[in-house]
Amino acid sequence: MHNERSGFLTLMLTVGLAFLYIPMVLLVIYSFNYSKLVPVWGGWSTRWYKVLFESPEVWEAVRLSLQIAFINATFATMLGALAGLAMVRFGKFRGRTLFGGMLVAPLVMPEVITGLSLLIFFISLKELIGWPLERGFTTITIAHITFSLAYVAVIVQARLTGMGVSLEEAAADLGAKPFTVMSSITLPRLAPGLLSGWLLAFCLSLDDLVIASFVTGPGSTTLPILIFSRIRLGLRPDINALATIIIIFVAILVAIAAYIMLRQQRRELIDQQMAARGDV
Amino acid sequence: MVNVKTSSGSDALTDTKEISKDKPLLEIRGVSKKFGDFTAVNNVDLDIYQGELFCLLGGSGCGKTTLLRMLAGFEKPSSGQILIDGQDMSEVPPYKRPTNMMFQNYALFPHMTVEKNIAFGLEQDGLAKTEILDKVDSILKLVELQEYKKRRPQQLSGGQRQRVALARALVKEPKLLLLDEPLAALDKKLREQTQFELMNIQEKVGVTFVVVTHDQEEAMTLSTRIAVMDKGRFIQTGTPTEIYEYPNDRFVADFIGSANILDGKVVSNIDGMVEVSTYLGKFSLTSNSNISKGSNLYVGLRPEKISISRTSSKSTNITGYIDDIGYFGNTSRYKVRLDNDQIIDVTAQNQKRPKDEKDRLTYEDKVQLSWDNSSAMLLLK
Numbered sequence: 006m007h008n009e010r011s012g013f014l015t016l017m018l019t020v021g022l023a024f025l026y027i028p029m030v031l032l033v034i035y036s037f038n039y040s041k042l043v044p045v046w047g048g049w050s051t052r053w054y055k056v057l058f059e060s061p062e063v064w065e066a067v068r069l070s071l072q073i074a075f076i077n078a079t080f081a082t083m084l085g086a087l088a089g090l091a092m093v094r095f096g097k098f099r100g101r102t103l104f105g106g107m108l109v110a111p112l113v114m115p116e117v118i119t120g121l122s123l124l125i126f127f128i129s130l131k132e133l134i135g136w137p138l139e140r141g142f143t144t145i146t147i148a149h150i151t152f153s154l155a156y157v158a159v160i161v162q163a164r165l166t167g168m169g170v171s172l173e174e175a176a177a178d179l180g181a182k183p184f185t186v187m188s189s190i191t192l193p194r195l196a197p198g199l200l201s202g203w204l205l206a207f208c209l210s211l212d213d214l215v216i217a218s219f220v221t222g223p224g225s226t227t228l229p230i231l232i233f234s235r236i237r238l239g240l241r242p243d244i245n246a247l248a249t250i251i252i253i254f255v256a257i258l259v260a261i262a263a264y265i266m267l268r269q270q271r272r273e274l275i276d277q278q279m280a281a282r283g284d285v
Numbered sequence: 012m013v014n015v016k017t018s019s020g021s022d023a024l025t026d027t028k029e030i031s032k033d034k035p036l037l038e039i040r041g042v043s044k045k046f047g048d049f050t051a052v053n054n055v056d057l058d059i060y061q062g063e064l065f066c067l068l069g070g071s072g073c074g075k076t077t078l079l080r081m082l083a084g085f086e087k088p089s090s091g092q093i094l095i096d097g098q099d100m101s102e103v104p105p106y107k108r109p110t111n112m113m114f115q116n117y118a119l120f121p122h123m124t125v126e127k128n129i130a131f132g133l134e135q136d137g138l139a140k141t142e143i144l145d146k147v148d149s150i151l152k153l154v155e156l157q158e159y160k161k162r163r164p165q166q167l168s169g170g171q172r173q174r175v176a177l178a179r180a181l182v183k184e185p186k187l188l189l190l191d192e193p194l195a196a197l198d199k200k201l202r203e204q205t206q207f208e209l210m211n212i213q214e215k216v217g218v219t220f221v222v223v224t225h226d227q228e229e230a231m232t233l234s235t236r237i238a239v240m241d242k243g244r245f246i247q248t249g250t251p252t253e254i255y256e257y258p259n260d261r262f263v264a265d266f267i268g269s270a271n272i273l274d275g276k277v278v279s280n281i282d283g284m285v286e287v288s289t290y291l292g293k294f295s296l297t298s299n300s301n302i303s304k305g306s307n308l309y310v311g312l313r314p315e316k317i318s319i320s321r322t323s324s325k326s327t328n329i330t331g332y333i334d335d336i337g338y339f340g341n342t343s344r345y346k347v348r349l350d351n352d353q354i355i356d357v358t359a360q361n362q363k364r365p366k367d368e369k370d371r372l373t374y375e376d377k378v379q380l381s382w383d384n385s386s387a388m389l390l391l392k
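Residue numbers (this note's numbering), protein chains in the order written: chain G, 6 to 285; chain D, 12 to 392.
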């Protein structure tokens, strides 16, 4: 298809990609800037990476963020999967519509509202039962689970609906009790959905600034809170270095995911070829 | 716990093609199923005997699949009772029933190999590993898939998947095997071949089959008996010959094969010999139904029971003109227009290759139609 249209498409693609990626490329370049002032070019250097590696509070923030993200993703996946199963596989039960609505509400709720209400909740909880004593790791994790599980539930619901019930019925028909059906058919089939739900919950937590800012307390600084508080005091080159490291990390993950998908596609193609050769 | 095992593996593979008529294996007693206001199955009664290959035949939405799903235990009857081997199934969940089902799209477990798919049901019964392996091997041999046991379902063709699904259901040696449109996903050539394979396997294992299908040809070829369903009811139940040659209803006559349906009026009924007058003349037909003189009913005449020719003879019943021709190679279908503008369908075997164009029947030819009066079918409604 070599005509004017493909020329136009190429142009649009280039503009689109440039729009998305030039800011990031600039950020990476400026992370190697010797000058202390971000917009002034002072020659190539890795001094800000050195500064970064020598500042313990950055690594403390990274550790805290990853820890919260991990626990959040795990709990959100478990709870979200249960909620999704209840919605799709348990037929009609009392309050199903209400439950379904409440399940997706966090997706459309403005973050500031969620954050504020959770803050009020934690404060009154402390008044009532004396827990949580201080806000920080626990409160951020709980707050993240409450909104992440909604995303997981949506993914699980979609996957369950797409799977249909016939495999589960076939298993039951072959004598599998409900628990066996769940463990040997439903869960393995659901695994890709659970994995993507887990990853999404992980990323949502890692990314969250607003809700974490509301429910955090003294001494608990997650990575987004740290970056944002530093930027407020003016652009700083060591933050550019940190951002560059995060970009590289994400790029590696994306490359791995793309490789796995490519391999999966190739395997499906081979399967199809084997199947096509088979007919009697 | 209900013990569904009947005998050891080899027994089920011996020749036992014998339909005993003393006690039904499956009894369906006044079963209805309602979904809200919609009645999917409406007060159905049926007995199926050991060794039968029974077809539930009907168009989409006639309730045949719902009935099958009630037998498997996936749906609960709104009223009525299902008994298998004399045992009431009302409170028995699917995983404890002595039935197995072959699903329409096979429902093979994509994350397991062929071997694991087939072994799945046996593992649920807690059989010993060696016994499972033996049974899987012998069933794979029966469906001729030994070399494919390490493959996953996605790596098999449609026909092979169908056989895996059959093997997976059969290996449990159910009292009743339920098959939901077993051949619908295959292409025509493969379907015809598989029909006979399915019959052979059924004969070998002697398990009672209940097949749901919308394909009347498939039902005619496969089954020992057919129940024709419409709007949740059984319209007629009988052997393929009974259903085809002696339908009792316009729906059945038209759904199985095709038929010219004539409005008729009863002229007389003397000891079961019913005389009906139609625009194709009078038909004398036997019936053991209580038909009163003067009542309106229908007479069916199948297209292949009418012979067509250009030359008139003593047996000619009526003359007409060829309005349309459908040429199928082995047969031709003629639409013959009568003087009163009624159209009659006639099917003729193309027994001889026409020597030239003049030899062939063609449009607007004047033709003589004749039939044997006793070939007509009396349709009560």
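Note that CB positions come from ideal geometry on N, CA and C, so glycine has one too.
Could you tell me whether any Cβ in chain G is nearer than 9 Å to the Cβ of A180/D?
Taking Cβ atoms only, chain G reaches closer than 9 Å to A180/D, which makes this a yes.
Short CB-CB distance (under 9 Å) between N211/D and chain G
No, N211/D does not count as interfacial toward chain G.
Report the start-end ranges of each alpha helix (DSSP H) in the stretch 226 to 265 of chain G that is 4 residues or longer and not cut off at the edges.
228 to 237
Minimum C-alpha distance to M123/D - residue among N384/D, R162/D and D376/D:
R162/D
Roughly how many angstroms separate the alpha carbons of V186/G and R282/G, rounded to a whole number?
33 Å
Could you give the DSSP three-state label for L37/D: helix, strand or coil?
Note: L37/D maps to strand in three-state DSSP.
Local conformation of A86/G per DSSP, three classes:
Collapsing the DSSP output to three states places A86/G in a helix.
Is the beta carbon of A74/G sitting closer than 9 Å to the one on S201/G?
Taking 9 Å as the Cβ cut-off, A74/G and S201/G do not qualify as a contacting pair.
Three-state secondary structure assigned by DSSP to W46/G:
In the structure shown, W46/G sits in coil (DSSP, three-state: anything other than H, G, I, E or B).
Since D136/D meets chain G, which of its residues come closer than 7 Å, beta carbon to beta carbon?
G180
Under a Cβ-count criterion, where at least 16 other Cβ atoms within 10 Å of its own Cβ denotes burial, should S71/D be classed as buried or exposed?
exposed
Can we say the stretch 168 to 185 of chain G touches the stretch 93 to 112 of chain D, given the rule of at least three CB pairs closer than 8 Å?
yes
First and last residue of the uninterrupted beta strand (DSSP E) at Q171/D:
Q171/D -> not in any beta strand (DSSP E); alpha helix (DSSP H) instead, spanning G169 to L181.
What is the rounded straight-line gap between the Cα of K369/D and the Cα of V357/D?
20 Å
Count the other C-beta atoms from every protein chain shown that fall within 10 angstroms of the C-beta of Q269/G, then say buried if there are 16 or more, exposed otherwise.
Burial state of Q269/G is exposed, judged by a 10 Å Cβ sphere holding fewer than 16 other Cβ atoms.
Identify whether R163/D lies in helix, strand or coil by the three-state DSSP scheme.
Residue state, collapsed to three classes: coil.
Contact set for F127/G: own chain, Cβ-Cβ below 7 Å, skip 5 residues either direction
Around F127/G: P137, R140, T144 and V220.
In whole angstroms, what is the alpha-carbon distance linking I250/G and R237/G?
21 Å
Just the Cα atoms here: how many angstroms apart are S269/D and L312/D?
9 Å
Can you tell me whether DSSP reads S381/D as helix, strand or coil?
In the structure shown, S381/D falls within a strand segment according to DSSP collapsed to helix, strand and coil.
Which word fits Y309/D, buried or exposed, when buried means at least 16 other C-beta atoms lie within 10 angstroms of its C-beta?
Per the 10 Å Cβ criterion, buried.
Residues of chain D with CB under 8 Å from T185/G, in chain order?
Q135
Would you mind sorting F207/D into buried or exposed? The rule is 16 or more other CB atoms within 10 Å of its CB.
That one is exposed.
Tell me which residue opens and which closes the alpha helix (DSSP H) that S320/D is part of.
Looking at the DSSP string, S320/D is not in any alpha helix (DSSP H); the run it does join, the beta strand (DSSP E), is I317 to S320.
Note down the Cα distance separating F131/D from G137/D, rounded to an integer number of angstroms.
10 Å
With the cut-off set at 9 Å, would you say F65/D and I237/D are in Cβ contact?
Going by beta carbons, F65/D and I237/D fall inside the 9 Å limit.
Does the beta carbon of V285/G come closer than 9 Å to any beta carbon on chain D?
Because the pLDDT of V285/G is 45, which lies under 50, any placement of that residue in the model is unreliable, and the question is left without a value.
According to the Cβ coordinates, are I254/D and V277/D closer than 9 Å?
no
L18/G, buried or exposed, once every other Cβ within 10 Å from all chains shown has been counted against 16
exposed
Expected contact under 8 Å - CB spacing of M81/D and A180/D to nearest Å
Not a contact, Cβ separation roughly 17 Å.
With burial defined as no fewer than 16 other Cβ atoms inside 10 Å of the residue's Cβ, what is the status of A321/G: buried or exposed?
In this structure chain G extends from 6 to 285, so residue 321/G is not present and cannot be described.
Option nearest L133/D by Cα separation, candidates F120/D, V147/D and P121/D
Of F120/D, V147/D and P121/D, the residue nearest in Cα terms is V147/D.
So E286/D and S298/D are supposed to be a Cβ contact under 8 Å. How far apart are they, rounded?
Going by Cβ atoms, the distance from E286/D to S298/D rounds to 11 Å, so no, they are not a contact pair.
Measuring alpha carbon to alpha carbon, tell me which residue in I34/G, S171/G, L192/G and W64/G is nearest A86/G.
L192/G
Can you tell me where the alpha helix (DSSP H) with A195/D in it begins and where it stops?
Careful: A195/D lies outside any alpha helix (DSSP H) and carries neither H nor E.
Does the beta carbon of F78/D come closer than 9 Å to any beta carbon on chain G?
Before going further, note that residue 78/D is Leu rather than Phe in the sequence given. By this cut-off, L78/D is not an interface position.
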